[in-house]
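A quick write-up on the structure given underneath.
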Amino acid sequence: MSSDSTFRTFLAIEIPKEILEQFERVQYRLGLSMTGVIRWARPGNTHLTLKFFGNITERDIRSITDALQAKAPALAPVRVAIGTLGVFPNLSRPRVLWMGVTEGMKELAALQGQVETALEAVGFTREERPFRAHLTLGRMKADRRIEGLEKAIEDHKGFAAGTFTATEMVLFRSDLKPTGPVYTPLATFRLGL
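Structure (structure tokens):
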């Protein structure tokens, strides 16, 4: 790798297998009635994104790694429950169908804020948009209202995919391929240790 090379990267929390199985079941059920309108996310690629860096250099990766290795031991693990469904930006023009965080959102937002502060100290720009933790189920193929989507979301009110304790953050490299993105872990940061 040359020092001029850039890598598409993001920081995320990995999701346990049991929750990913529920995620896949929801995709299957919804896919039966919404064939052809949603490009489904691969469950194996599902994660809670804390920060998207975009294309960065090896030097940037070292700066991120150093900053987070120093900060992570002071950050508390977070108990997270995953459930209910929703869309971004709205039902009239949905672009992303997601599974949300039903417990631990305040703690995840605090964790994400502390990560932003640590990274800002080494030269990274703070994300200005509010943090909205979610798992992307799929992306809409067209920017229009989708028949049955509102009912599907309503039918999943109170749905619980599972609960887990997030004990680490992972810095991933994302390589975009014709078959979808391939994520490679670059570094892992244990929380509270």
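Mapping of the sequence shown onto this note's numbering: position 29 corresponds to residue 29, and the numbering continues sequentially without gaps.
Where a beta carbon is used, it is the ideal one built from N, C-alpha and C, also for glycine.
Check                                                                                                                        : Outcome
How many angstroms separate the CA atom of G36 from the CA atom of E147?                                                     : 12 angstroms
Start and end of the alpha helix (DSSP H) containing I61?                                                                    : 58–71
Touch check for the stretch 133–149 and the stretch 41–53: three-plus C-beta pairs under 8 angstroms?                        : yes
Could you tell me which residues DSSP puts in a beta bridge with N55?                                                        : R8
Pairing CB atoms from the stretch 83–91 with CB atoms from the stretch 115–131, are three or more of them under 8 angstroms? : no
Could you check whether the Cβ of P185 sits closer than 6 angstroms to any heavy atom belonging to the ligand SAH?           : In the structure shown, the ligand SAH is absent, as is every other ligand, since no ligand is present at all.
Would a C-beta distance cut-off of 7 angstroms place T197 and G104 closer than the cut-off?                                  : Here the chain has residues from 1 to 193 only, and residue 197 is not among them.
If R95 and M140 are in contact, beta carbons under 8 angstroms, what's the gap, nearest whole angstrom?                      : 6 angstroms
In angstroms, rounded to a whole number, what distance separates the CA positions of H156 and E14?                           : 23 angstroms
What residue from Q22, F53, A152, A81 has the CA that sits closest to L30's CA?                                              : A152
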